[in-house]
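Here the numbering used here is used: the first residue of the sequence shown is 4, the next is one more, and so on. Positions of the beta carbon are idealized from the N, C-alpha and C atoms, including for glycine. A short worksheet on the structure shown next.
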Amino acid sequence: MRYKVYDEEDKKERTLEECVTPLEVGSVRRVQVKKGDTREVHHFRVLEELKSVWILTEKI
Numbered sequence: 004m005r006y007k008v009y010d011e012e013d014k015k016e017r018t019l020e021e022c023v024t025p026l027e028v029g030s031v032r033r034v035q036v037k038k039g040d041t042r043e044v045h046h047f048r049v050l051e052e053l054k055s056v057w058i059l060t061e062k063i
C-alpha cells in the first residue's frame, strides 16, 4: 500500500511505498524507516491512501 504522510521529525511530506501494515487516514503512527544500512523511527501523520502503481516489466 502507498500513503501520503507528514513526517513530524523532518517536518515535510513524504510518500510511503510498499507499506505492509494498513494505516488509517488521520492517525499518527510510529514507523521504522530504512535509510542506508540503518533504521530510524519516525512519527508519520497519515494524510491519504494513494493508489498502487503497477509496472509491467515484460510483454504479455
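Asked, Found
"Could you pull the start and end residues of the beta strand (DSSP E) that V31 belongs to?", "V31 to K38"
"Quick check: the Cα distance between V44 and V36, rounded to an integer number of angstroms?", "6 Å"
"What does the Cβ neighbour count give for V28, buried or exposed, with the cut at 16 atoms within 10 Å?", "exposed"
"If E20 and R33 are in contact, beta carbons under 8 Å, what's the gap, nearest whole angstrom?", "With 8 Å as the limit, E20 and R33 do not qualify as a contact, their Cβ atoms being about 18 Å apart."
"To which residues of the same chain is L50 closer than 8 Å at the C-beta, ignoring the five residues directly before and after it?", "Y6, K7, V8, Y9, E16 and V28"
"Taking a contact to mean a Cβ-Cβ separation below 8 Å, would you say L53 touches T18 in this structure?", "yes"
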